[in-house]
Each structure stands twice: as structure tokens, then as C-alpha cells.
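> I'd like to ask you about the structure that follows.
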Amino acid sequence: MPTRRHFLAGSAAAIGLAPLSAAPEARATTAVPAPAPATAGTATPNLVVILADDLGYGDLGAYGQQLITTPRIDRLAAEGLRFTDAYSTAAVCAPSRCSLLTGLHTGHSAVRANPNGVAGALKAGDTTFAEVLRARGYRTAVIGKWGFGPEDGDQPSHPNSRGFEEFYGYIDHGHAHEYYPQYLWRNGTKETVAANANGAKGAYAPQLIEQRALDFIGEHAAEPFLLFLTPTVPHAPSDIPDVGAYASRTWSQQNKGHAAQITSFDTLVGKVTDRLRALGIAEDTVVLITSDNGPHEEGGVNPDLFNAGGPLRGYKRNLYEGGVRVPLIAWSPGRIGAGTSDRPTPLTDVLPTLAELGGAPAPTDIDGLSAAPLLAGSPDTARHNHLYWFRDERGVTSRANTEDGGRATWLAEAVRKDEWKAVRFAPVRDRALPDAQWQVELYDLASDLGEQRDVAAANPSVVAGLVALMRSSWADTYARRPFGVRAQVQGPVVPGQAFTVTATLANGSAKPWTRALLALSAPAGWQVQAATATGRDPLPAGAALTQTWRVTPPATAAAGTQWPLTVDGTAQTPTGPVRYSAPERVSTVPPAPASDAYLSDLDWVSATNGWGPVERDRSNGRKPAGDGTPISFGGVTYGKGLGVHAPSEVVYHLGGAADRFTALVGIDDFSTNQGATGATKASVRGDGKVLFTSGRLTGAGGPVRVDLDVRGVKLLHLVVEDANANTALDHTSWALARVTVR
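Take 398 as the starting number for the sequence shown in the working numbering and just add one per residue.
Here it is, written out as C-alpha cells:
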């Protein structure tokens, strides 16, 4: 079964082991320590992070804007701490937001580029700031744009799977470009926006997002909460119901709409702080306001009209300062004093900062450094040795391309160390290209903030040092240290038969924990027996507690049904109690095949797919709704297959009854006819053991024949992975996929 890691589902009270569901359940342990959690009104503040979409460094009055009015944010900047050298970690949305959530820069993060066909996704080992804070009892919500896929309500990269108890808004990056959407997601369910049916513009999504955010604050005012508010303004298109004060301007309609979007963002921020004040919790709340990258020029918007980058060079997609330096304001009356900070502060610092403010342990293998002491007025806040950016962008806009000297689609990197800033471009899409073949530029930000004078030729030793930092900042695969709880189910889950659940509680923080315990909850009537000790005291930094259980569903449990299992890991940390939770859904398997069968005619145990549903072609047998089209390789059509898109895994229950598995697997004509860039790798696994690997599959290479001995195999896994770090056109098919039964 796929392994997913989740954190506590519930409130601050749940850290005292409030029931996870109303249904009775079996537990392997009867008691877990439940120290009282921190509550609102103490030193533990509520936390609100408000992230604009494509808001430039110079788009706010507090940063020099003259044409667009932003009075509410300007007031917060005057009352709080205004950062002059804050940075997004990428010049486009998806990688920037991934880094913000996980504390990893784009040399290490799971998502390093905007989606090119298939949306990026967080990896199993990633820990978000919501997961960190939820373990300390915070109520958590992300409201607005999520931006990671796939667009499905039950998948490992969904907000509810990444520490956010509540989600309302857009899952998918592309869907978030619609200001009058046909639907929005509420947790794992699509909610139709009836007022926008048939192309109507009856409900403006930013207003729906605003109202839900204000309601969330009101609902949780009496307990610690984390709100990640991510409206889509001022991203293109410049849709807005009313351009307001800008109606009489002589600007284009697109520029009027863009200006109105920024003012609407300002109004939203004002309404949030007004709600905090009205509820009497402003002094107990820290608010951060920032943007995911520099200003855009899409949809007819002219950022130069507004001087959107201020004194900086570049736009969204550029690694020059204008593409990555962003506004950042920290506000909390009575907690954060008025002032400015020139500390170079990347948004990777948000996770450790929120963790320290919330008294939560944070992973030690992140790139961010806590700025919490700076918010409290300390001059001793840690500073980064250097900052790093990576760009792999295929989108082109005219101004950004001009700034890049026509190199907007080239791979690019940048690094800042002290006041030196280096930017380099690779003429081919290959990071392993020798350094001598990159084009490197060097700027002294102390004397040339606008990056107008390339001084690389005069400072070869500086260039060499900064290029070395670029090289050292990149990892092809960044292995994470375990943190929190992970659970793994070793099935299959057959009614009346025992299976194994193994879980770990990993202390990936910097300090030891005490009273570490693991417990497993199962549905009523299921037997749960611990096979190993359930506790460890102390649990040193970097260590993990591992626990195994034998779980037996009743013989009467319905086959083909999903059932909840939950592993809870609790511990006492130096800053208070934590509780991490790993909910798993296990499926009692369908019956094993009793005779020879095509897999497209069998029910699967589970199916995950990188994009869209798994398509089943039953052209030679049953034809229920939803069947895929017949599969074609090189113009030859086959029936009885499965159409998937990398990454994909489809699992079948054979129950040890089958003799052989045969199939053809390859990139089908559907994908090949759209382009030749698709490349995948297929494998077949039996009960976790690799039985077959295809090697690299391309449309030009044709399909590969599979013929395997599967005697004794209980669970058969069909896996397709991306083979070229580009999931576009990776539609792959298993044709004539069939098992024979002895």
C-alpha cells in the first residue's frame, strides 16, 4: 500500500488525546501522556501568513509605490518590522511556494520548477510548517491557492495530507488562474460555485476566499491557530468586479484591473487585522505579509507603468533582484516593534521562525534559519552564509526575456553572499554542464542595487567562489532525515487474516525528546497486538522509535472496502508536548482471480496516477462507463489495457493464485502523437520484490513485452516512473495485461 505521512487531525485539545473519530476502535495501547497544550493568551501566538501572487517589491506604498494605494499594509509596515532584503526562493510560483512551506531552497526542494503539464507535488519526506505546528495543537488552514497536484481530493500532496486541517480554494496551479471558477475545493470535495455556472461571473473567488479566512479566524479565536492565506491576486488575468478608484485613469483596462487587484489585496489584509482586533487577539497574533515572486507582465499588464520592481532589475522569471526580492512585513502589536531590517531573509526562514514562535520542534535538515529573535528585537539573529536560487523555466515573457538577454528559457542559477550577487546561465538544459560553458555575471549590490554593471571580469576570484557555492548548494536528490510519524502497511489486508503495520516516530529536531510513545488505532472489531515495545525514553536527537503491530480484521469485514488506521506518536519536547499522527486507509482486498483474467476486468486494490484517472479498456469484455480508449502502439491497436500517466502505481490482489503475468508496456500513440519528449520507466513488483524493469521507454522505441512467473505473489504492483525529469507527454499503457491461473 502507498505510504503517506500525516500529522495530528484535531485541535489543541486533541494533544490530550481527544478521540480521533466518533466510532469505537481498537487500540494497541490504552494510555498516552497528555500534558496540557499551550493556548491563546500565553506566549504562544496565533500565526497568520498572507502570501500574494506576483506582487512586486515596489507594488506597495511602504516600498515606494506611487500610483496604487495600499494604505492598510502601509500602516502595518509602519507599526511593524519591514524587511528591505527579503527574498522568495524562486522567480515563479510553484518552487517558491514549495520552499516557503518546507524550508528548503530550490537546490534541495521537491518542486524546483513551475509545472509543465503535470503539477509538482511534495514528497513523502517533506515536512511543512503546518505539520510542525499542528503537532503542537495548532488549528491549521490553508485558504486560497495550494498549487501542487494532482488535482484530487485524496492524495499525498493534498493540503489535508500535509498538516492543514482545513483547505478551501484551488488545488491545481492552472485552476488558480480562474477568478470566476466553476468549482472550488473544500478539503477533499469539489464544491460547485453555482453563481459561475455556464460562464457566468456571479462569484469572485478572492471574495469567497476572504470570507472563509475571516470565518476561520472567528471560529478558532479561543485556541492557537495557523492561517496560511493565499489569495491569487494580483496574478493574471486582471479580473476584478470593479476597478474602483482607478476607473477614471487613462490606463488600459488590464492595468486598471491589476491596480485594483493590488488594492483589493490591501483591503483583504486590512479586514484580517480588523477581525483580529475585533476579537481581542491582535496582540496574541503574529502576521507575516509577503509575495511568492516578482511582478508579472502577463495579460497586457505593464509593470513599468507602476514601477513594480522599484529600484530593482527584472520581473517574474528573472533571477535578478526584481524577480526574487519581495516585500515582507511582520506585524504584531506589543510583540514586534516598529522598524526596518536589512537582514537578507529568504522565505525558507518562515518554517523555523513559525516553529520557534509556536514552541514546536523543527527539522534540522532544512535551509531556513529562524528569524524569531529578530522579530523580538534581538540583534543576534542568525544570518545565512549565502542565498541560492535555481531556475528551470519554459515560459517566456517579453520584458523578462529582454532582461535576460534573450536567455529566458535557459537554465539559470544565482547566489548572494554578503553584497555580492552572481547570476549564471546554461545554454543547454543540463546542470552538469562544465562551469566554463555557463555565462556568469557578477554584481555588487552595495553600489549597484539595480544590477546594471557586470563586474565579473574584474573579480575572477569572487566569481569562482560564488560558482562553487552554486555547485555545493545543489543536490540531484536531497535525502531527508525522518521527522514525525511514518506508517507502513504490509498487506494484503484479507478479512480474517493478520497483516503487519510498522511505524516510526523520528526525532529529526536538534534536541532530545522524552516519554516517546507510539499507539495504533483500528476500527471496532479489529484485533491489534503490539509485537515490539511501544515507548522510548529518552528519544535522542536524530533517533527514532520503531513499533510493529499485527492487525487482524474480522472475517466478516467486507472485501473491497477502505478502513481507517491511525498511528499516533507522542513525546515531550523541551518546548512542550507534541503529537504526530499518521492516518492510513487500508483496503480489504477484492477476491483473488479464480480463472484467467485481464487486469482491466479486475478490481484493483489501489491506484495512484500522476494526472487524471487510470483508464481501463475493456473493449473485449465488459464496457462500463469510464473505460479508456483502445491502446495503440505504432499504429497497432490492442484492447484490454490500462492507460496511466507517470508517476503511477496500480496494485492488484492475486492472492498467490496466479501463474504468469503478461503484458506490453510502453508510451502509447496518444502521447507520442502530441510530442516526442515523453520518457518513462516501468516496473512490476510482487509483494515488494522487483520482478521486472523495462529500462527507458519512449514512443520511438515502442513497447516492451512482459512475461513473468508470479506464482505465490499476493500483491502485484504495476509502477510507471518519469525517466527524464519531465512528466509532460508521459502517458503510458499496459496493453493486454493478463494473469493466468493454474
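Glycine included, each C-beta is placed from N, C-alpha and C at the ideal position.
With 16 as the cutoff for other CB atoms within 10 Å, does S775 come out buried or exposed?
Under this definition S775 is an exposed residue.
> What is the rounded straight-line gap between the Cα of A833 and the Cα of N595?
C-alpha separation (whole angstroms): 56 angstroms.
> By Cβ distance below 6 angstroms, which residues in the same chain neighbour G461 in space, the five residues on each side in sequence not counted?
Once the five neighbours on either side are set aside, the close Cβ partners of G461 are G455, G707.
> Enumerate in chain order the residues of its own chain whose CB-to-CB distance from R646 is below 7 angstroms, with the five nearest sequence positions on each side excluded.
Cβ within range, chain order: K653.
> What does a CB cutoff of less than 6 angstroms around A651 pick up in its chain, not counting 5 residues either side in sequence?
Note on identity: in this sequence residue 651 is Gln, with Ala being the wrong assignment. For Q651, where only same-chain residues beyond five positions count, the Cβ hits under 6 angstroms are S635, G696, G697, V698.
> Which residues mark the beginning and the end of the beta strand (DSSP E) in which A449 is found?
Unbroken beta strand (DSSP E) run through A449: 443-449.
> Considering only the beta carbon of each residue, do R976 and T970 sit closer than 8 angstroms?
Contact flag unset, no.
> Three-state secondary structure (DSSP) at F561?
If DSSP states are grouped into helix, strand and coil, F561 belongs with coil.
> Do you know whose CA, among V891, L1133, P1100, S984, lies nearest G1053's CA?
Per the Cα distances, V891.
> In this structure, does DSSP put P770 in helix, strand or coil?
Three-state result, P770: helix.
> Is there contact here, the region 883-898 with the region 864-872, by at least three beta-carbon pairs under 8 angstroms?
Touching, no, given that fewer than three Cβ pairs across the two stretches are closer than 8 angstroms.
> Look up F822 in the DSSP assignment and give the residues it is bridged to.
In DSSP, F822 forms a bridge with A809, Q836.
> Within 10 angstroms of the Cβ of E816, are there 16 or more other Cβ atoms? Answer buried if so, exposed if not.
E816 should be labelled exposed.
> Quick check on K908: buried or exposed, where buried means 16 or more other Cβ atoms within 10 Å of its Cβ?
Exposed is the call here.
> If you draw a straight line from the C-alpha of T499 to the C-alpha of P770, how long is it?
The alpha-carbon atoms of T499 and P770 are separated by roughly 20 angstroms.
> Cα-Cα, which of A861, D841, S1130 is closest to T1095?
Among A861, D841, S1130, the Cα nearest to that of T1095 is on S1130.
> Taking all protein chains shown into account, decide if P578 is buried (16 or more other Cβ within 10 angstroms of its Cβ) or exposed.
The residue in question, P578, is buried, as its Cβ has 16 or more Cβ neighbours within 10 Å.
> Let me confirm a value: K1086 is counted as buried when at least 16 other C-beta atoms fall within 10 Å, else exposed. Which label applies?
Counting Cβ neighbours within 10 Å, K1086 comes out exposed, since fewer than 16 surround it.
> Indicate whether the contact test is met: 3 or more Cβ pairs, each with one atom in the region 1114-1121 and one in the region 1073-1086, closer than 8 angstroms.
Verdict: yes, contact present.
> Classify E562 as buried or exposed, calling it buried when 16 or more other Cβ atoms lie within 10 Å of its own Cβ.
Under this definition E562 is a buried residue.
> Is it buried or exposed for L830, if we count other Cβ within 10 angstroms and need 16 for buried?
With fewer than 16 Cβ atoms within 10 Å of its Cβ, L830 is classed as exposed.
> Could you tell me if S844 is buried or exposed, where buried requires 16 or more neighbouring beta carbons within 10 angstroms of its beta carbon?
Burial call: exposed.
> Given this structure, state the Cα-to-Cα distance separating R533 from P974, to the nearest angstrom.
Whole-angstrom Cα-Cα distance: 7 angstroms.
> Does DSSP put P961 in a helix, a strand or coil?
Of the three classes helix, strand and coil, the one that applies to P961 here is strand, per DSSP.
> Which full runs of the beta strand (DSSP E) of 3+ residues lie inside the region 543-620, going along the chain?
Entirely contained in the region 543-620, the beta strand (DSSP E) runs reaching 3 residues are, in chain order, 563-567, 580-583, 586-589.
> Expressed to the nearest angstrom, what Euclidean distance is found between the alpha-carbon atoms of A656 and G720?
About 19 angstroms.
> What would DSSP say about R877, mapped onto helix, strand or coil?
It is coil, neither helix nor strand.
> Can you tell me which residues form a DSSP beta bridge with L624?
According to DSSP, which records beta bridges pairwise, L624 is partnered with V445, A538.
> Could you tell me whether the Cβ atoms of D482 and R878 are closer together than 8 angstroms?
No, Cβ-Cβ distance for D482 and R878 is not below 8 angstroms.
> Round the Cβ separation of G1099 and F1030 to the nearest angstrom and send it over; I've been treating them as touching at under 8 angstroms.
Rounded, the Cβ-Cβ distance is 6 angstroms, consistent with contact.
> On the three-state DSSP scale, how would you describe S496?
Helix.
> Check whether the Cβ atoms of F625 and A757 sit closer than 8 angstroms, and answer yes or no.
For F625 and A757, no; Cβs fall outside 8 angstroms.
> Buried or exposed: which applies to E616, given that a residue is buried once 16 or more other Cβ atoms fall within 10 Å of its Cβ?
When all chains shown are included, E616 counts as exposed.
> If we count the other Cβ atoms within 10 Å of its Cβ and call it buried at 16 or more, is N593 buried or exposed?
Burial call: buried.
> Return helix, strand or coil for V698, following the three-state DSSP convention.
Residue state, collapsed to three classes: coil.
> Can you grab the Cα-Cα spacing for the pair E790 / E810, in whole Å?
Their Cα atoms are separated by approximately 11 angstroms.
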